[in-house]
Amino acid sequence: MAEEMARKDIEAGLETRHELGDAFDAELVAGFADRIEKTVQERVGTTAAARTLAERNESRTSVFQFVLGAGSAVAGIPISITLGVTDNLGALVISWVGLVGVNVAHAVRTRKPR
133 MAEEMARKDI
143 EAGLETRHEL
153 GDAFDAELVA
163 GFADRIEKTV
173 QERVGTTAAA
183 RTLAERNESR
193 TSVFQFVLGA
203 GSAVAGIPIS
213 ITLGVTDNLG
223 ALVISWVGLV
233 GVNVAHAVRT
243 RKPR
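Just so we're aligned: 158 in my numbering is position 26 of the sequence shown, and the numbers increase by one with no gaps anywhere.
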């Protein structure tokens, strides 16, 4: 839609040039240049905002991944002590597989495609 309007603006400007002659060329070119500059600034601004948001989300994801890993390790200590003292090796293995599984699932889910 924006491209169609821009094309119509250009066609209208060229038609105006034909009607008014060469005397208004500088004003028409300046008008086109202003529109092009405005469009470029809007696109650059949108791209920069998207990049900033992506960087912020990536930072939050990294912090959450660290907190999840540290929390899993801290949670694993009492589980290991309790199950190790009571000779429940199967339950200990299952508990650690679960803790590792949660961390791996989160890491895979939040991984950036390359």
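All C-beta atoms, glycine included, are put in the ideal place defined by N, C-alpha and C. The model shown is predicted, which means the values in this text are computed figures rather than measured ones.
{"Asked": "Counted within 10 angstroms of its Cβ, other Cβ atoms place LEU304 as buried (16 or more) or exposed", "Found": "Residue 304 is absent from the model: the chain starts at 133 and stops at 246."}
{"Asked": "Nearest to ILE226 (by Cα), restricted to the options ALA186, ALA239, GLU159, SER212", "Found": "SER212"}
{"Asked": "Alpha carbon of ALA207 to alpha carbon of GLN173, nearest angstrom", "Found": "50 Å"}
{"Asked": "DSSP-derived helix/strand/coil call for THR148", "Found": "helix"}
{"Asked": "First and last residue of the uninterrupted alpha helix (DSSP H) at LEU243", "Found": "It should be pointed out that residue 243 corresponds to Arg in this sequence rather than to Leu. From DSSP, ARG243 is part of no alpha helix (DSSP H); its letter is neither H nor E."}
{"Asked": "Proximal residues to GLU190 (C-beta, below 8 Å), its chain only, five neighbours per side dropped", "Found": "LYS244"}
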